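*Asks:* Have a look at the structure that comes next, please.
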Amino acid sequence: MVDITDVYVLLSSDITNINYNYDNSLIIYKVSNNILNNYIHKINSKNMTKEELIKYNILNYELKDINIVIPIFNIKFTDLILYLEQYNETYILKNIYNIVLLNLYFKYSNKEIITHMINNIHTSNINHNFDITNVFNQRLIKHHTITNTYDYMLEIERPLTYVDISSSLINKLTFEDSDFSNDEIFKLISILNEEQKFLLFFHLLINDKYYTNIINNYNILLMMDKCIETYIDLYGYLLRFTWKKLYYDECSNIENTPNKTYIFDINTASILKTINYNHYAPLLNPFIALDIDKKYLDPPRIFGGLYDYSVSENIKKICDLNEFKKNFNIYCTHNSELNLFENVNFKEYNCYIVGSTLTACIQKNILIKNIFKDKSFENYLNEYYSTSDIDILFIESDKYLFINKASKLINQLKINLYKIHQINNINLEIILNKTICLIVSPLFIEQNIDSNINNIIDYIHDENVIQLFEKYYLEINKQFDIEYSRNIFNKNIIINTIYKIKIDNNIYYDNNISIKYKIKSKYLLHDLEIFHVNENKIENIISKFHLPCVRCYYDGHNVFLLPSAITAFITYMNLDYKYIASTVSPIDIFMKNKIRGYGLFLNNSEKKCISRHISIKYPYIKNIFSPIYLNTYLNEFNKNENNNIDKYDIKYITKFNNIKSYYPSTNNGLLLSSRFSKKLNICEINYHKYIENNILKIKLISLTWDLSHL
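If you're matching positions, the sequence shown starts at 81 in the working numbering and goes up one per residue.
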């Protein structure tokens, strides 16, 4: 009797070279006897003697007198080997992929083997518990007043000067790039049975190599939607590890060429299963990708965003592309069908819409909208984004090419405004802001400027200090012909030249010229700001934006979001902030987005800084925070002698008055006052549902204002 433990496949080492000497390329490869369970292989097998196989025994097996041989000549050697190994135990995705496809080819289905391999597939050898508590606690806000001449894009182009949590992550974790496309993974999962779909989906969700193929794959998320909903607890638990990796990818690619697999298009982001965020237990939400000791987050006193009171288990918080475009059109024209940027060639100009315009238009279910009686999106925009510009970013290092492209874009906008308003003479006020920035070290000042360095640092924005550097500004100014911009627009434009000085201990002397256009018109709902940067990749630029809720961009065809932006839109919490140390204060930016509903994780020192700042700059809102929104009770600290925030006595505000911080302003001094006429008469909430300690509660609220005078 034949010993069936000796089964060989007779195959060719080179299927591309079939000729009369083809016999010389044949070899035998030993396989498990499990292969004989496949009917096709069984009927094609034959018995061969040891003598018959000697010339094919290149691998020097110990042949028996009689052996079972299965001839397979038409499959590539490497692919066939992987197929054959399924009858052993190998647990690599590439093997499973080829095995499944070859099973289809041979009309063979061994569910038990495939399921076994999926269950034992390799997932991770990396410890994903990356504690950043110390970095978080050491972070400080360097508070300075933001001046009207502040040029944000100058800051973005300065490398390696960030003060934020993510700086501790750079180069700490690396994940191997996937060797499969999203379509290939979708094809693989789609042909599996339901049990195998479930197993492979969740195994790959936490796989260090293939997690982006799963979580950033529109077709797979759509296909697995019901499965995810059924096993939402398992999904949430595993997603915590996946989202950490995505956030780490985002952070580690700030200065490198980014791997775009962690960047989501808006349609994919819109179908991510969301899990309600609990301010009392922020780290339980999988989208909060922070490895920070919860006692330092101090959940009851977070600088929190708008509390999510929704009781729906499947609330959709991010728009799909069509919904976004309608919102964007309303933002620009007050009409969902009118596109202000129609026929603008974003790809040719290499330009993008960025900034708070996208923040306003991306969310699907905007909770703040509920404070308006008619829940109007237009009223929401008028109140919270009325003074926001539409930021258009060009990636262009040549200033003159930028001016040419900007002029073409502006001409197209004039054509579009004519179509929208049916007015021939559309007048645009074009303002060119040219910023000349000197970056100097204290040593440079001591050696070249006749003034006390401390006076210069203390009064760095003072006109008298600027004049001390006049000769350097004049020399730099020669590098840029301002008349070119005046001529290209073929009309008078307003030109503002702004001079700035920065102190940098690491740079002896450097300079930067930045040009930016401001476009105004009574026919525009929002002013346009058009600027350019020297970066090569939009992803690098966006990842440096100050808060996650603005880390997204629109290329005229699609919207793309970084993982931290998705977290912000889903939880109303920003994971981190980025700013240039010793240059500007981010507090005003924090407060602007705070009033729009977006909170931020801050350490105790940062909370103290904001507490002091609010009492000085925002006295009209300092008394409107309360525990239900967990907004740190910033105004209610009783400071003791050692000024230690950990020993503050907290006075809990029992009155439910925090909703006022989000209501339309009746105070002209409020940070976000509307410049548009409102058609509102009453804002009112009657019943508000919310979740506290996993218990649904309903609070009667009766807040009514007469806004007819606004």
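Don't be surprised by glycine CBs; every beta carbon is placed ideally from N, CA and C. Predicted, not measured: the structure shown is a model, and the values here were computed from it.
#1: If the criterion is Cβ atoms closer than 8 Å, does the pair I433 and N638 meet it?
#2: Using the Cβ count rule (16 or more neighbours within 10 Å means buried), how would you classify D211?
#3: Which ranges would you report for the alpha helix (DSSP H) in the segment 407 to 463 if only whole runs of at least 4 residues count?
#4: Tell me the rounded alpha-carbon separation between L319 and I446.
#5: Are the CB atoms of I581 and I556 within a distance shorter than 8 Å?
#6: Would you check if the distance between the CB atom of C307 and the CB atom of F278 is smaller than 8 Å?
#7: Rounded to whole angstroms, what's the CA-CA distance from K444 to L91? Just pull it up for me.
#8: Could you please give the first and the last residue of the uninterrupted alpha helix (DSSP H) stretch that includes T322?
#9: Report the start-end ranges of each alpha helix (DSSP H) in the segment 484 to 570 that is 4 residues or longer and not cut off at the edges.
#10: Return yes when the Cβ of L106 is within less than 8 Å of the Cβ of Y136, no when it is not.
#11: According to the Cβ coordinates, are C399 and S350 closer than 8 Å?
#12: Which of the three DSSP states is assigned to C307 in this structure?
#13: In terms of residues, what are the limits of the beta strand (DSSP E) holding L133?
#14: How close, in whole Å, do the beta carbons of P628 and T651 come, if the pair is a contact with beta carbons under 8 Å?
#15: So is I574 buried or exposed if we call it buried at 16+ other beta carbons inside 10 Å?
#16: Taking DSSP as the reference, what is the three-state secondary structure of L272?
#17: Evaluate L473 with the Cβ neighbour count: other Cβ atoms within 10 Å of its Cβ, from every protein chain shown; 16 or more gives buried, anything less gives exposed.
#18: Once you ignore the five residues that flank P666 on each side, which residues in its own chain have a CB closer than 7 Å to its CB?
#19: Pull up the distance between the alpha-carbon of C632 and that of N544, whole angstroms please.
#20: Mind checking whether I794 and A486 have CB atoms under 8 Å apart?
#21: When the Cα of I286 is compared with those of Y311, L326, I312 and L302, which residue comes out closest?
#22: Given that a residue counts as buried once 16 or more other Cβ atoms are within 10 Å of its Cβ, and exposed if not, what is K558?
#23: Helix, strand or coil for H121, going by three-state DSSP, please let me know.
#24: Ordered along the chain, which non-local residues of its own chain (more than five positions away) have a Cβ less than 6 Å from that of F153?
#25: Rounded to whole angstroms, what is the Cα-Cα separation between N127 and V180?
#26: Which residues share a DSSP beta bridge with I575?
#27: Given a cut-off of 8 Å, decide if K144 and L162 are closer than it, judged by their beta-carbon atoms.
#28: Identify which residue in D538, H414 and F524 has its Cα closest to the Cα of L497.
#29: Take L481 as the anchor and find which of I525, K397, I568 and C517 has the nearest alpha-carbon.
#30: With H, G and I counted as helix, E and B as strand and the rest as coil, what does DSSP make of K624?
#31: How would you call Q502, buried or exposed, if buried means at least 16 neighbouring beta carbons within 10 angstroms?
#32: Using the DSSP secondary-structure output, state which residues sit across from H612 in a beta bridge.
#33: With C-beta atoms as the reference, is Y852 less than 8 Å away from P643?
#34: Determine the extent of the alpha helix (DSSP H) in which H599 is found, giving its start and end residues.
#35: Just checking my contact of I516 with T577 at CB under 8 Å: how many whole Å lie between their CB atoms?
#36: Taking only heavy atoms of the ligand FMN into account, decide whether any of them is closer than 7 Å to the Cβ of Y185.
*Replies:* On the basis of the supplied data:
#1: Along the sequence shown, read from residue 1 onward, the residue named residue 433 stands at position 353. Along the sequence shown, read from residue 1 onward, the residue named residue 638 stands at position 558. Not in contact: I433 and N638 (Cβ atoms no closer than 8 Å).
#2: The residue you call residue 211 lines up with position 131 of the sequence shown. Under this definition D211 is an exposed residue.
#3: 426 to 429 and 436 to 442
#4: Position 239 of the sequence shown holds residue 319. Position 366 of the sequence shown holds residue 446. Straight-line Cα distance between these residues: approximately 24 Å.
#5: As a first step, residue 556 is located in the sequence shown; it is residue number 476 there, counting from the start. As a first step, residue 581 is located in the sequence shown; it is residue number 501 there, counting from the start. Not in contact: I556 and I581 (Cβ atoms no closer than 8 Å).
#6: Start at 1 with the first residue of the sequence shown, and residue 307 comes out as number 227. Start at 1 with the first residue of the sequence shown, and residue 278 comes out as number 198. Taking 8 Å as the Cβ cut-off, C307 and F278 qualify as a contacting pair.
#7: If you number the sequence shown from 1, residue 444 lands on position 364. If you number the sequence shown from 1, residue 91 lands on position 11. Cα to Cα, K444 sits roughly 57 Å from L91.
#8: As a working note, residue 322 is residue 242 in the sequence shown. Residues I312 to S332.
#9: Here the runs fully enclosed are 522 to 528, 533 to 538, 543 to 547, 550 to 557 and 562 to 568.
#10: For the purposes of this step, residue 136 is taken as residue 56 along the sequence shown, with counting starting at 1. For the purposes of this step, residue 106 is taken as residue 26 along the sequence shown, with counting starting at 1. A contact, by the Cβ cut-off of 8 Å.
#11: On the sequence shown, position 319 is the one that residue 399 refers to. On the sequence shown, position 270 is the one that residue 350 refers to. Yes.
#12: Sequence index remark: in the sequence shown, residue 307 carries index 227 (1-based). Helix, per DSSP.
#13: Here residue 133 refers to the residue found at position 53 of the sequence shown. From DSSP, L133 is part of no beta strand (DSSP E) but of the alpha helix (DSSP H) over K130 to L133.
#14: Residue 628 sits at position 548 when you count from the first residue of the sequence shown. Residue 651 sits at position 571 when you count from the first residue of the sequence shown. Contact doesn't hold; Cβ gap of about 10 Å is too wide.
#15: Position 494 of the sequence shown, counted from the first residue, corresponds to residue 574. With fewer than 16 Cβ atoms within 10 Å of its Cβ, I574 is classed as exposed.
#16: Reading the sequence shown from its first residue, position 192 is the one you call residue 272. Coil at L272, not helix or strand.
#17: Start at 1 with the first residue of the sequence shown, and residue 473 comes out as number 393. By the 16-neighbour rule on beta-carbons within 10 angstroms, L473 is buried.
#18: In the sequence shown, residue 666 corresponds to position 586, counting from 1. Here the set comprises I221, H626, Y657 and Y659.
#19: Walking along the sequence shown from the start, residue 632 turns up at place 552. Walking along the sequence shown from the start, residue 544 turns up at place 464. Approximately 40 Å between the Cα atoms of the pair.
#20: Nothing about residue 794 can be read from this structure; the chain reaches only from 81 to 790.
#21: Taking the first residue of the sequence shown as position 1, residue 286 is located at position 206. Ranking the options by Cα distance to I286, first place goes to L326.
#22: Locating residue 558 in the sequence shown gives position 478, counting from the first residue. Exposed, because fewer than 16 other Cβ atoms sit within 10 Å of the Cβ of K558.
#23: Start at 1 with the first residue of the sequence shown, and residue 121 comes out as number 41. In the structure shown, H121 sits in a helix (DSSP, three-state: H, G or I).
#24: The count along the sequence shown starts at 1 and reaches residue 153 at position 73. The residues are S92.
#25: Translated into the one-based positions of the sequence shown, residue 127 becomes position 47. Translated into the one-based positions of the sequence shown, residue 180 becomes position 100. Taking the straight line joining both Cα atoms gives about 28 Å.
#26: Taking the first residue of the sequence shown as 1, we reach residue 575 at position 495. BP columns for I575 point to L512.
#27: On the sequence shown, position 82 is the one that residue 162 refers to. On the sequence shown, position 64 is the one that residue 144 refers to. Contact: no.
#28: For the purposes of this step, residue 497 is identified with residue 417 of the sequence shown, where counting begins at 1. Among D538, H414 and F524, the Cα nearest to that of L497 is on H414.
#29: Translated into the one-based positions of the sequence shown, residue 481 becomes position 401. If we check each option's Cα against that of L481, I568 comes out closest.
#30: Your numbering for residue 624 matches position 544 in the sequence shown. K624 falls in the coil class under three-state DSSP.
#31: Counting from 1 along the sequence shown, the entry for residue 502 is found at position 422. Under this definition Q502 is an exposed residue.
#32: As a working note, residue 612 is residue 532 in the sequence shown. Partner(s): F474.
#33: Here the chain comprises residues numbered 81 to 790, so residue 852 is not present and cannot be evaluated.
#34: For the purposes of this step, residue 599 is taken as residue 519 along the sequence shown, with counting starting at 1. For the record, residue 599 in the displayed sequence is Ile; it is not His. Note, I599: premise wrong, no alpha helix (DSSP H); beta strand (DSSP E) at Y589 to K600.
#35: Taking the first residue of the sequence shown as 1, we reach residue 516 at position 436. Taking the first residue of the sequence shown as 1, we reach residue 577 at position 497. The pair is a contact, with the Cβ atoms about 7 Å apart (cut-off 8 Å).
#36: As presented, the structure is devoid of all ligands, the ligand FMN included, so that no description of it is given.
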